[in-house]
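Asks: Have a look at the structure that comes next, please.
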Amino acid sequence: MKLGKKDILGIQDMSVDEINLILETAESFLEISTRDIKKVPTLRGKSIINLFYEASTRTRTSFEIAGKRLSADTINISASTSSVTKGETLIDTARTLEAMNPDIVVIRHSAAGAPHLLAGLVKQSIINAGDGAHEHPSQALLDMMTIQEKKGKLAGLKVAIVGDILHSRVARSNIYGLSKMGAQVVVAGPATMLPRDIEQMGIKAYTKLEEAITDADVVMMLRIQLERQKQNIFPSLREYAQCYCLNRTNIKLAKQDVIVMHPGPINRGVEISPDIADDPDCSVILDQVNKGVAVRMALLYLLTGGNE
Amino acid sequence: MKLLLKGGRVIDPASKIDARMDVYIEDGKIAGCGKDIKASPGARVVDLTGMIVTPGLIDMHVHLREPGLEYKETIATGCQAAVAGGFTSIACMPNTSPVNDNHSITEFIRRKAVEAGLANVYPIGAISIGSEGRQLTEFWDLREAGAVALSDDGKPVMDAALMRRAMEYSYSLGLPVIQHCEDKNLSAGGLMNEGYYATILGLPGIPAIAEDVMVGRDILIAEYTRTRIHIAHVSTAGAVRLIRDARKRGLNVTAETAPHYFTLTDESLQNYDTNYKVSPPLRCAADVAAIKEGLADGTLDAIACDHAPHGRTDKEVEFEYAANGISGLETSLGLSLNLVHDGVVTWSELIAKMSRNPARILNLRKGTLAPGSDADITVINPELTWTVDVKAFHSRGKNSPFHGRKMKGRAVLTIVGGDIKFDGLATRS
Numbered sequence: 001m002k003l004g005k006k007d008i009l010g011i012q013d014m015s016v017d018e019i020n021l022i023l024e025t026a027e028s029f030l031e032i033s034t035r036d037i038k039k040v041p042t043l044r045g046k047s048i049i050n051l052f053y054e055a056s057t058r059t060r061t062s063f064e065i066a067g068k069r070l071s072a073d074t075i076n077i078s079a080s081t082s083s084v085t086k087g088e089t090l091i092d093t094a095r096t097l098e099a100m101n102p103d104i105v106v107i108r109h110s111a112a113g114a115p116h117l118l119a120g121l122v123k124q125s126i127i128n129a130g131d132g133a134h135e136h137p138s139q140a141l142l143d144m145m146t147i148q149e150k151k152g153k154l155a156g157l158k159v160a161i162v163g164d165i166l167h168s169r170v171a172r173s174n175i176y177g178l179s180k181m182g183a184q185v186v187v188a189g190p191a192t193m194l195p196r197d198i199e200q201m202g203i204k205a206y207t208k209l210e211e212a213i214t215d216a217d218v219v220m221m222l223r224i225q226l227e228r229q230k231q232n233i234f235p236s237l238r239e240y241a242q243c244y245c246l247n248r249t250n251i252k253l254a255k256q257d258v259i260v261m262h263p264g265p266i267n268r269g270v271e272i273s274p275d276i277a278d279d280p281d282c283s284v285i286l287d288q289v290n291k292g293v294a295v296r297m298a299l300l301y302l303l304t305g306g307n308e
Numbered sequence: 001m002k003l004l005l006k007g008g009r010v011i012d013p014a015s016k017i018d019a020r021m022d023v024y025i026e027d028g029k030i031a032g033c034g035k036d037i038k039a040s041p042g043a044r045v046v047d048l049t050g051m052i053v054t055p056g057l058i059d060m061h062v063h064l065r066e067p068g069l070e071y072k073e074t075i076a077t078g079c080q081a082a083v084a085g086g087f088t089s090i091a092c093m094p095n096t097s098p099v100n101d102n103h104s105i106t107e108f109i110r111r112k113a114v115e116a117g118l119a120n121v122y123p124i125g126a127i128s129i130g131s132e133g134r135q136l137t138e139f140w141d142l143r144e145a146g147a148v149a150l151s152d153d154g155k156p157v158m159d160a161a162l163m164r165r166a167m168e169y170s171y172s173l174g175l176p177v178i179q180h181c182e183d184k185n186l187s188a189g190g191l192m193n194e195g196y197y198a199t200i201l202g203l204p205g206i207p208a209i210a211e212d213v214m215v216g217r218d219i220l221i222a223e224y225t226r227t228r229i230h231i232a233h234v235s236t237a238g239a240v241r242l243i244r245d246a247r248k249r250g251l252n253v254t255a256e257t258a259p260h261y262f263t264l265t266d267e268s269l270q271n272y273d274t275n276y277k278v279s280p281p282l283r284c285a286a287d288v289a290a291i292k293e294g295l296a297d298g299t300l301d302a303i304a305c306d307h308a309p310h311g312r313t314d315k316e317v318e319f320e321y322a323a324n325g326i327s328g329l330e331t332s333l334g335l336s337l338n339l340v341h342d343g344v345v346t347w348s349e350l351i352a353k354m355s356r357n358p359a360r361i362l363n364l365r366k367g368t369l370a371p372g373s374d375a376d377i378t379v380i381n382p383e384l385t386w387t388v389d390v391k392a393f394h395s396r397g398k399n400s401p402f403h404g405r406k407m408k409g410r411a412v413l414t415i416v417g418g419d420i421k422f423d424g425l426a427t428r429s
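Quick mapping for you: the protein sequence lines, in order, are chains D and X. First residue of the first sequence: 1, per our numbering; consecutive thereafter. First residue of the second sequence: 1, per our numbering; consecutive thereafter.
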């Protein structure tokens, strides 16, 4: 089977078969990162541009390592060093890059829909590495891969996503992906962090952490951004932590074998208490990072016509 | 010039006429309406069998972009779009560059319109200097220069005390105040209607209450000061309800809506097409239903398209950075005719909302075919089917979400002051 699409823009328009194909392909790439010589020639001669209009360390690094381990040439462009500051439009930047004939452009942008604009304009494959509060498909795929590995399945699990759902592309992509794969998704956060009509996505929303995580198999905590305080989305980190920090006490409400996830970077003591974050029995945060490289290798491989 | 329009169905709500008759025009005025008028020597006779003859259509809310933003539109190209769309009179908002907040810019707009020699152009002056919401403009002087109303459209007056003073001062001059109702604190950062589609698209929402709160506030100010208010481009069910209640209590509140608010919903934004980005934003299906009810029961007096032409550079960008607005003058009538096709309003009601009612709100001696009136006439072929093609727009603004849409009914003859300014009678389906 091959991936029947030019671009990876979101999980919303992905089928269960496509998700399974990506996860299985990623599984086969996991081993490469454990080798002494972490490189295979699969994508030799292919060029991949990482076009990052928003600050990112882990996602950009993860895509870069994924490309390099497959022997592709990866080029990083960040907004601060590109012609963006000179006032060039995204469309002109895209056409310029297109003329240099890369194979894949990975884009991260603060404006929702920017990767879609690009995908409609250029012939190259576009991977959305996060657009505004819209989607972050590679993150959801690595999250699903991590859960599947730890739990042996996705269907039938209860997954609680907690935090600033309103501004979270990770939440949206995971809601689509996990729901498609048969998991039951619930979200929780203060009412100011729950987007309007979120339950129309087929999930349940709570304002109490305790209600959401009760009997959960997976608890996914989202990063809180301090600048939201200025917008009065929440009054203070102190109060947020008192109501929504996952700790030794409230975690008892979840299933005994619960796993705890976080897309990173963590605010220790705000979203997750340090002893939970560092507890190897439940925290799978570093597994997520590890799976991230494999999932991104799979995406690059499948989009450049691998498996044909 | 003498012109005899023979055999059309004449619909003139102001004179309560809806019958097959002839209209005779002489020296720029309506000389008479009646059955079988005999052509006098030298008169041009136009056979309008099967056509609908109405008072010249009036759009009371357009943006002509000149002075300052001529790459989007000029007064001349805006007027070409107007007459091609069946409009004989348009009122233009003051958010030009510089803002129309003084006598000389108002005069400039009128002079440019006369030079263009197509439609009647009525400038709307700014409420506050630079539309910055701080200091009142010279209302009396603006009126002397030809302004017919006042508005800080696009930059709503957030200061309630300033709005109160504007409504009191303008009322004594007979100038209506038109408010773009949007509480800027509630809408801050928003890019589309707040609701399910904003949630799944990850775009910051503009809640319906951003509009409703200000509609409610301005109705209260109009009531307290015993003045009047005109609400621009109503888009929400809540605003329709507030206006309906105010009218029931006898308050002097009038309102308009735009074709996109009874045609499209926020569901259309799913592929981030910036042509659907407007202010106020496209709302949900329940709002669209409420707008239609408001049109049907008369709560919404007028249809105005909020013609907002933009250049490609304003729209071919990320959704977040794209300008708001639709180039609407050449699709407004076609979309509004759907209200008749769908049985929402009658022919007579629709024509009233597009001629007599806006004339009444702006105190214009227009919008009727009564003898002695200016011979501003629109002839509509109600059966003509056509497809919207932005490349064929007369407007410089090709920004329309209606490109490719099938329409039924179109203006085929636009007469301003007795002269034919647009002739599409030869157009076939």
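Virtual Cβ for every residue (Gly too), placed ideally from N, Cα, C.
Straight-line CA distance for D:Tyr301 to D:Asn174?
Replies: Taking the straight line joining both Cα atoms gives about 22 Å.
Asks: For X:Glu211, go through chain D and note every residue whose CB falls closer than 7 Å to its CB, in chain order.
Replies: Ordered by position in chain D, no residue passes the 7 Å Cβ test against X:Glu211, which lies about 15 Å from the chain.
Asks: If you measure from the beta carbon of D:Ile11 to each beta carbon in chain X, is any gap under 8 Å?
Replies: No, no contact with chain X.
Asks: According to DSSP, simplified to helix, strand and coil, what is X:Ala426?
Replies: Coil, per DSSP.
Asks: Would you call the segment 370–386 of chain X and the segment 408–417 of chain X touching, i.e. three or more CB-CB distances under 8 Å?
Replies: Flag = yes, the segment 370–386 of chain X and the segment 408–417 of chain X touch.
Asks: Measure the CB-CB distance between X:Leu175 and X:Ala149 and report whether it falls below 8 Å.
Replies: Going by C-beta atoms, X:Leu175 is nearer than 8 Å to X:Ala149.
Asks: Tell me which same chain residues have a C-beta within less than 6 Å of the C-beta of D:His167, skipping the five on either side of it?
Replies: These residues qualify, in order along the chain: Ala133.
Asks: By a C-beta neighbour count over all protein chains shown, 10 Å radius and 16 as the cutoff for buried, is D:Pro265 buried or exposed?
Replies: The residue is exposed, with fewer than 16 neighbouring Cβ atoms inside 10 Å.
Asks: Suppose only complete runs of 4+ residues qualify. What are the alpha helix (DSSP H) ranges in the segment 275–334 of chain X, listed by chain order?
Replies: As far as the segment 275–334 of chain X is concerned, its whole alpha helix (DSSP H) runs of at least 4 residues are 285–296 and 312–315.
Asks: Hey, is D:Asp7's beta-carbon within less than 8 Å of any beta-carbon in chain X?
Replies: False, the Cβ-Cβ gap to chain X never drops below 8 Å.
Asks: Given this structure, state the Cα-to-Cα distance separating X:Thr378 from X:Arg20, to the nearest angstrom.
Replies: Each residue's alpha carbon lies about 15 Å from the other.
Asks: By a C-beta neighbour count over all protein chains shown, 10 Å radius and 16 as the cutoff for buried, is X:Lys421 buried or exposed?
Replies: Result: buried.
Asks: First and last residue of the beta strand (DSSP E) that includes X:Leu413?
Replies: Here the beta strand (DSSP E) through X:Leu413 covers Lys406 to Val416.
Asks: Can you give me the C-alpha to C-alpha distance between D:Asp73 and D:Ala119, rounded to a whole angstrom?
Replies: Between D:Asp73 and D:Ala119, the C-alpha separation is close to 21 Å.
Asks: May I have the straight-line CA-CA distance separating X:Tyr24 from X:Glu211, to the nearest angstrom?
Replies: Their Cα atoms are separated by approximately 45 Å.
Asks: Using a cut-off of 7 Å between C-beta atoms, extract the partners of D:Pro195 located in chain X.
Replies: The answer, in chain order, is Thr199.
Asks: Less than 8 Å separating the beta-carbons of X:Thr137 and X:Ala126?
Replies: Cβ atoms of X:Thr137 and X:Ala126: closer than 8 Å.
Asks: To which residues of the same chain is X:Leu425 closer than 7 Å at the C-beta, ignoring the five residues directly before and after it?
Replies: Here the set comprises Val412 and Leu413.
Asks: Is D:Thr93 buried or exposed, if buried means 16 or more other CB atoms sit within 10 Å of its CB?
Replies: Answer is buried; the Cβ neighbour count reaches 16.
Asks: Can you find a C-beta in chain D that's less than 8 Å from the C-beta of X:Asn185?
Replies: No - not a single Cβ of chain D is within 8 Å of the one on X:Asn185.
Asks: Between which two residues does the beta strand (DSSP E) holding D:Tyr240 run?
Replies: Premise fails: D:Tyr240 lies in the alpha helix (DSSP H), Leu237 to Tyr244, not in any beta strand (DSSP E).
Asks: Establish whether the CB of X:Gly311 and some CB of chain C are separated by less than 8 Å.
Replies: Absent from the structure is chain C; the protein chains it does hold are D and X.
Asks: Could you tell me whether the Cβ of X:Gly190 comes closer than 8 Å to any Cβ of chain D?
Replies: Cβ-Cβ to chain D under 8 Å: no for X:Gly190.
Asks: Using only the alpha-carbon positions, how far apart do X:Thr49 and X:Ala322 sit?
Replies: Their Cα atoms are separated by approximately 45 Å.
Asks: Can you pull the chain D neighbours of X:Asn271, defined as C-beta to C-beta under 7 Å?
Replies: Ordered by position in chain D, the residues that pass the 7 Å Cβ test against X:Asn271 are His116.
Asks: Under 8 Å between the Cβ atoms of D:Leu178 and D:Val185?
Replies: Cβ atoms of D:Leu178 and D:Val185: closer than 8 Å.
Asks: Short of 9 Å Cβ to Cβ, which residues in the segment 124–136 of chain D face chain X?
Replies: Here the close residues are Asp131, Gly132, Ala133, His134 and Glu135.
Asks: Quick one: is D:Val16 buried, meaning 16 or more other Cβ sit within 10 Å of its Cβ, or exposed?
Replies: Exposed, because fewer than 16 other Cβ atoms sit within 10 Å of the Cβ of D:Val16.
Asks: DSSP state of X:Leu509, grouped into three classes?
Replies: It is not possible to answer for residue 509 of chain X, since the shown part of chain X is limited to 1 through 429.
Asks: For X:Tyr196, go through chain D and note every residue whose CB falls closer than 7 Å to its CB, in chain order.
Replies: Within chain D, the residues near X:Tyr196 are Asp197 and Gln200.
Asks: Checking contacts by CB at 8 Å: is D:Ile309 closer than that to chain X?
Replies: Absent from the structure is residue 309 of chain D, since the part of chain D shown begins at 1 and ends at 308.
Asks: Rounded to a whole number of angstroms, what is the C-alpha to C-alpha distance between D:Ala55 and X:Leu295?
Replies: Roughly 49 Å between the two C-alpha positions.
Asks: Could you compute how far the alpha carbon of D:Asp164 sits from the alpha carbon of X:Gly202?
Replies: Roughly 12 Å separates the two Cα atoms.
Asks: Residues of chain X with CB under 8 Å from D:Ile91, in chain order?
Replies: In chain order: Glu316 and Val317.
Asks: Strictly under 8 Å for the Cβ-Cβ distance: is X:Leu282 near chain D by that measure?
Replies: No, because no Cβ of chain D sits closer than 8 Å to the Cβ of X:Leu282.
Asks: Out of D:Gly10, D:Thr249 and D:Ala183, point me to the one whose CA is closest to D:Ser138's CA.
Replies: Of the listed residues, the one whose Cα sits closest to D:Ser138 is D:Gly10.
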